[in-house]
Structure formats: structure tokens, C-alpha cells
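J.:
Residue numbers (the numbering used here): 446 to 487.
1) Out of curiosity, what's the CA-to-CA distance linking residue 473 and residue 466?
2) So, with DSSP's three-state summary, where would you put residue 477?
3) Would you kindly work out how many angstroms separate the C-alpha atoms of residue 455 and residue 464, rounded to a whole number?
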């Protein structure tokens, strides 16, 4: 395996993980059943 493709794959995986984490965090943040009045706008 080439080093370049490994780095590129790692970048892609990092970007994908970051996007997924943002979606999961956003869903959790917007669907919390508690403290709805303390929520700040994104």
C-alpha cells in the first residue's frame, strides 16, 4: 500500500467521521428532552 493513498484515506475517514459526529451531536442536541430553555441557537 502506498503511503500517499493511506494518508488520503485517513483524511477521508477523518472528514467522514467528523461529519457523522456533527450529525449525531446535532440530532442529540436538538432532541434532548431536558433543559430546552437553556439551549442556545447554533
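Backbone N, C-alpha and C define an ideal beta-carbon position, used for all residues, glycine too.
T.: So, from the listed chains and residues:
1) 10 Å
2) coil
3) 14 Å
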